[in-house]
Amino acid sequence: MLKKSTVKRTTIILDEDERKYIDSLIQDGKEQGLKPLISKMLDVYRSMMIYDWKYPGEYYCGISRIAFLNIEFIEILLKHVPDDHWREVGKETGNVAKVSMDASLNMDTTDREKWAEVFKRLRVQGLGDFYLRDKYIILKAPFINNGEFLCGFLEGLLQQKLEPRTSSAPFVFELVE
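The opening residue of the sequence shown carries number 51 in my numbering; numbering runs sequentially from there.
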């Protein structure tokens, strides 16, 4: 006989300001309702390992410290990297991400079968929307708008030779076998 799963009801007591804020998100159409908002919050909490965060300002995701930076900060740093070094700098950062994902999440970024999980992780971290289509990796809405750097980043992360096929977003990188 199959055991029937039960749904548990939970009551949360919110401060008046918290409830007004949630109601405004729903009323403004930014959130569909309380349940989807709580589900989204729990997904972010889990995927970003917020349970390891120490407040204020010390955020970790496994072995890696996380900082919230605006894109202008990153662009200024990249502006001072000579053009012919972008790909190499990208590879180094990709290698760092590879080690972090392996050590923190037990995620083998070199296993093509796991790339959907790797790409989801990159999306959760705000780097963009990555898709695998046949022999191409497509990157929509990239956080960093530098194709050579991103190509190197993916090469370091995935340990896979790539060839850029576009010079602006959406970026397309061909897997070189």
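Every residue, glycine too, gets a C-beta built ideally from N, C-alpha and C.
The model shown is predicted, which means the values in this text are computed figures rather than measured ones.
Tell whether a beta-carbon distance below 7 Å holds between residue i and residue j.
i, j, result
"residue 222", "residue 215", "yes"
"residue 110", "residue 102", "yes"
"residue 128", "residue 196", "yes"
"residue 159", "residue 170", "no"
"residue 136", "residue 203", "no"
"residue 116", "residue 150", "no"
"residue 193", "residue 182", "no"
"residue 224", "residue 185", "yes"
"residue 174", "residue 97", "yes"
"residue 206", "residue 145", "yes"
DSSP on residue i, reduced to helix/strand/coil?
i, result
"residue 59", "coil"
"residue 90", "helix"
"residue 54", "coil"
"residue 108", "strand"
"residue 194", "coil"
"residue 215", "coil"
"residue 189", "strand"
"residue 73", "helix"
"residue 125", "helix"
"residue 119", "coil"
"residue 222", "strand"
"residue 200", "helix"
"residue 155", "helix"
"residue 64", "coil"
"residue 182", "strand"
Count the other CB atoms within 10 Å of the CB of residue i; is the residue buried (16 or more) or exposed (fewer)?
i, result
"residue 168", "buried"
"residue 61", "exposed"
"residue 213", "exposed"
"residue 89", "exposed"
"residue 91", "exposed"
"residue 38", "A question about residue 38 goes unanswered here, because the residues of the chain that appear run from 51 up to 227."
"residue 57", "exposed"
"residue 119", "exposed"
"residue 172", "buried"
For the ligand PLP, is there a heavy atom less than 6 Å away from the beta-carbon of residue i?
i, result
"residue 217", "Judged by which ligands are present, the structure shown has none, so any question about the ligand PLP falls away."
Looking at C-alpha atoms only, which residue of the options is the closest neighbour of residue i?
i, options, result
"residue 180", "154, 156 and 208", "208"
"residue 68", "105, 58 and 84", "84"
"residue 220", "188, 205 and 201", "188"
In its own chain, which residues sit with a C-beta less than 8 Å from the C-beta of residue i, not counting the 5 before and 5 after it?
i, result
"residue 164", "157 and 158"
With a threshold of 6 Å on Cβ separation, who are the neighbours of residue i within its own chain once the five nearest residues in sequence on each side are excluded?
i, result
"residue 300", "Residue numbering for the chain in the displayed model covers 51 to 227; residue 300 lies beyond these limits and cannot be assessed."
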